[in-house]
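Residue numbers (this note's numbering): 34 to 553.
Written as structure tokens, this is what we have:
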């Protein structure tokens, strides 16, 4: 049966069919991008879930729809993936988009069988759409008989549909010419809703376990939890490379299959590589996003959407940063409690030893991400009030990082009173002075002008002080050449239930005085 399915798919996916699919893709490229909420993390998890499924030939992300699943039985599942933790989805827009895709397959006389699918994460099952709603409110065409077939449909679509940049205009042009009652009925009969009710964290674990079950040789990763985290990170990197590049022109450049994925994963599991380090960091980034969203039900969908974009941009940034030993050192010199002497040895270690050093800093990485993201959200609140265009540079970590500084992640926030700052891990109660001194031993060399360091320390100090003097309450009035300021970060709330609140950084952490009147 399996061979028969493979043969059936091979017989269908010929030059003419690929040409039709690429015609559809090119038509979508000219139209305006959707302004709706995109579930980057959820979308990638859905794509991976289907990629490793036995019934899947290959998948594409961001080709025709969010995820396109090419099944071995000639079905193409054209999927919109929606993450709506609180609000209801725009049913009319979703159903209109999916009917538009379905109708294009029919107009082009594709030998594939399109199955429109909505994969949605929300607490309640979405309301079904009726034929009358489709006809009256979405298609807005009442035609009992099938219209005449279009001569040269590819050319007609280019000239009569893809000539419009607005998605609604494209749909209107296609519906007016090709929609009819029976096609709407057929569409509704094959349309499927996949309702994901479990938490994103649980869904992520399910996908990670599913990927892990496909790997025969587990390599050097004996710890199951860490191995699954690395596998998930590697897998997400694998599919993201296919749709993040802007040079895509057709199906062959988008598609990825299970065999390619397993080969890629197995290569990296046999011997730990730099990519295993970036994969592990990528999973910490997506875990941070999940924890924030699921622990803060007060967040609006718009805030979640902004955080989703920040998360995705951060994942790209941190993977680039940690792809070599210099970037890994730069990260640890920012977020670790290692002394200067211990960290100096880091660059001489092999990949396996460096990997172990980095995973030991998991909590500090979380702390760094939380404070960076909350500051970024605070500085971009105006985006939520105006056009809600989240494709902006200010939602990328690089916008705030001075890359001319090589030794640590040097931040430069607009509106701050200093040119160089650093987000340092939270110093929890117990051995505060020891941890502070270890950090100071490294910062003395690079001298950032401000430390964003949650804990009991705060105020203005000088790098010329003896290490033992930096926590004694001594303070200077100006942050001069050899001076620095410690912000205790009490004004920036990152705890459970606090993320919906925006703080005005210009009135707290960007000043040179404690706004709460503390005398450190």
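From the three backbone atoms N, C-alpha and C, an ideal C-beta is built for every residue, glycine too. None of the values given here were measured: they were computed from a predicted structure.
Verify whether the separation of the beta carbon atoms of residue i and residue j is less than 8 Å.
| i | j | result |
| --- | --- | --- |
| residue 50 | residue 143 | yes |
| residue 397 | residue 458 | yes |
| residue 148 | residue 221 | no |
| residue 443 | residue 456 | no |
| residue 267 | residue 339 | no |
| residue 304 | residue 253 | yes |
| residue 401 | residue 367 | yes |
| residue 491 | residue 460 | no |
| residue 124 | residue 162 | yes |
| residue 141 | residue 242 | no |
| residue 264 | residue 295 | no |
| residue 113 | residue 151 | yes |
| residue 403 | residue 527 | yes |
| residue 165 | residue 216 | no |
| residue 194 | residue 82 | no |
| residue 358 | residue 306 | no |
| residue 97 | residue 55 | no |
| residue 330 | residue 407 | no |
| residue 122 | residue 159 | yes |
Give me, in chain order, the residues of the same chain whose beta-carbon lies closer than 6 Å to that of residue i; leave out the 5 immediate sequence neighbours on both sides.
| i | result |
| --- | --- |
| residue 432 | 426 |
| residue 373 | 474 and 475 |
| residue 224 | 149 |
| residue 317 | 398 |
| residue 370 | 468 and 471 |
| residue 502 | Summary for residue 502: the model assigns pLDDT 48, below 50, so the residue's position carries little reliability; its value from the coordinates is reported in the next sentence. Cβ within range, chain order: n/a, list empty. |
| residue 177 | 214 |
| residue 154 | 75, 116 and 229 |
| residue 546 | none |
| residue 319 | 74 |
| residue 347 | 318 and 430 |
| residue 120 | 334 |
| residue 500 | Annotation note: pLDDT 48 at residue 500 (below 50); position unreliable, coordinate value reported separately. Cβ within range, chain order: 470 and 473. |
| residue 276 | 94 and 95 |
Going by DSSP, what residue range makes up the alpha helix (DSSP H) through residue i?
| i | result |
| --- | --- |
| residue 522 | Looking at the DSSP string, residue 522 is not in any alpha helix (DSSP H), and its letter there is neither H nor E. |
| residue 475 | 465-479 |
| residue 133 | 124-140 |
| residue 102 | Careful: residue 102 lies outside any alpha helix (DSSP H), inside the beta strand (DSSP E) at 100-104. |
| residue 60 | 48-62 |
| residue 189 | 186-193 |
| residue 483 | No alpha helix (DSSP H) holds residue 483; the beta strand (DSSP E) holding it covers 483-486. |
| residue 213 | Element bounds for residue 213: n/a, residue is neither H nor E. |
| residue 174 | Residue 174 -> no alpha helix (DSSP H), and no H or E assigned at all. |
| residue 83 | 73-84 |
Apart from the five residues on each side of it in sequence, which residues of its chain come closer than 7 Å, Cβ to Cβ, to residue i?
| i | result |
| --- | --- |
| residue 540 | 548 |
| residue 327 | 232, 233 and 234 |
| residue 479 | 440 and 441 |
| residue 332 | 326, 532 and 533 |
| residue 99 | 76, 112, 113 and 114 |
| residue 47 | none |
| residue 15 | No information on residue 15 is available, as it lies outside the stretch 34 to 553 that the chain covers here. |
| residue 434 | 442, 443 and 444 |
| residue 104 | 88, 89, 90 and 110 |
Return the chain-ordered list of same chain residues with a C-beta closer than 8 Å to the C-beta of residue i, the five sequence neighbours on each side being excluded.
| i | result |
| --- | --- |
| residue 505 | Note that residue 505 scores a pLDDT of 46, beneath 50, so its modelled location is shaky and nothing firm can be said. |
| residue 322 | 74, 340, 341 and 344 |
| residue 543 | 446, 448, 449 and 450 |
| residue 270 | 308, 311, 312, 315 and 352 |
| residue 134 | 57, 97, 98, 111, 147 and 149 |
| residue 556 | For residue 556 there is no data in the structure shown, the boundaries of the chain being 34 and 553. |
In terms of residues, what are the limits of the beta strand (DSSP E) holding residue i?
| i | result |
| --- | --- |
| residue 225 | 225-229 |
| residue 151 | 146-154 |
| residue 113 | 108-116 |
| residue 493 | 492-495 |
| residue 158 | First-last for residue 158: undefined, no H or E at that position. |
| residue 96 | Careful: residue 96 lies outside any beta strand (DSSP E) and carries neither H nor E. |
Hey, would you say the C-beta of residue i is under 7 Å away from at least one heavy atom of the ligand PLP?
| i | result |
| --- | --- |
| residue 516 | Of ligands this structure carries none, so the ligand PLP is not represented either. |
Task: beta strand (DSSP E) segments (min. 3 residues) lying fully within the stretch 310-390 - done: If we require 3 residues or more, the stretch 310-390 turns out to have no beta strand (DSSP E) run fully inside it.
Open item on the list: Runs of 4 residues minimum, wholly inside the stretch 384-460: which ones carry the alpha helix (DSSP H) assignment?
Closed with: 384-392, 395-412 and 415-418, all fully within the stretch 384-460.
Open item on the list: Under 8 Å: do the stretch 86-94 and the stretch 120-139 share three or more Cβ pairs, one atom per stretch?
Closed with: As far as the Cβ criterion goes, the stretch 86-94 does not touch the stretch 120-139, which means the pair count is below three.
Task: Inside the stretch 238-308 only - alpha helix (DSSP H) runs reaching at least 4 residues - done: Those alpha helix (DSSP H) runs which fall completely within the stretch 238-308 and span 4+ residues are 257-277, 284-287 and 291-303.
Open item on the list: For the pair the stretch 285-301 and the stretch 345-363, tell me if three or more CB-CB distances fall below 8 Å.
Closed with: The answer is no - the stretch 345-363 does not touch the stretch 285-301, with fewer than three Cβ pairs under 8 Å.
Open item on the list: Contact between the stretch 233-250 and the stretch 206-220 is defined here as three or more beta-carbon pairs at a separation below 8 Å; is this criterion met?
Closed with: Too few Cβ pairs lie closer than 8 Å, so no.
Open item on the list: When you compare the stretch 400-419 with the stretch 530-540, are there three or more beta-carbon pairs, one atom per stretch, that lie closer than 8 Å?
Closed with: At 8 Å Cβ cutoff, the stretches touch.
Open item on the list: Would you call the stretch 307-319 in contact with the stretch 384-392, where contact means no fewer than 3 C-beta pairs closer than 8 Å?
Closed with: Segments in contact, yes.
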